[in-house]
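Mind the numbering: the sequence shown is residues -20 to -1, 1 to 95 in mature numbering (1 follows the signal peptide of the UniProt record, and there is no 0), read in order. A quick write-up on the structure given underneath.
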Amino acid sequence: MHCAVFVRAALAPLVRGVRATRVKSGIYGSAGNKGSLAVRFELMRTSLCALCVHLESGTGKAEQRIAQLSAALHCFDDAQPRGPAVLEHDVVAIAGDLNVRLDLPAGSDADDHLR
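Written as structure tokens, this is what we have:
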């Protein structure tokens, strides 16, 4: 997995406190095929966090996905120096493969639910 944060050259001198961490949640928490990467920093006096996730796939694995997302949201809890948790930042961007499934009533057309 990769997580990249791009900053305009003119703003680069204003970036402070860049920290990154990862959470492996693939094969018994040891493989890197599933999990999350997070990058946090301050731009001027605004804290930002980019969280990239790749959660468990498959029908019937919603509980595993929720647990993996929870672990991702707490990935900075033990970080040193201590800073804000993911959701405590002023700006948070969460992206990636959430592997979310939508349940629609049998026989329904998805377009009917988008209106």
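Yeah, the Cβ is synthetic: ideal placement off N, Cα and C, and Gly gets one too. It should be emphasised that the depicted structure is a prediction, and the values quoted were computed from it without experimental measurement.
Rounded straight-line distance, which links the Cα of residue j to that of residue i
i           : j           : result
residue 14  : residue 71  : 24 Å
residue 25  : residue 79  : 34 Å
residue -3  : residue 20  : 6 Å
residue 135 : residue 38  : The shown model of the chain, from -20 to 95, leaves out residue 135, and the question about it has no answer.
residue 58  : residue 64  : 11 Å
residue -1  : residue -20 : 13 Å
residue 81  : residue 2   : 24 Å
residue -12 : residue 46  : 37 Å
residue 40  : residue 87  : 20 Å
Test item: CB-CB of residue i and residue j under 8 Å
i           : j          : result
residue -6  : residue 23 : yes
residue -17 : residue 16 : no
residue 28  : residue 48 : no
Nearest candidate by alpha-carbon position, reference residue i, set the options
i          : options          : result
residue 76 : 87, -13, 30, -15 : 30
residue 4  : 33, -10, 62      : 33
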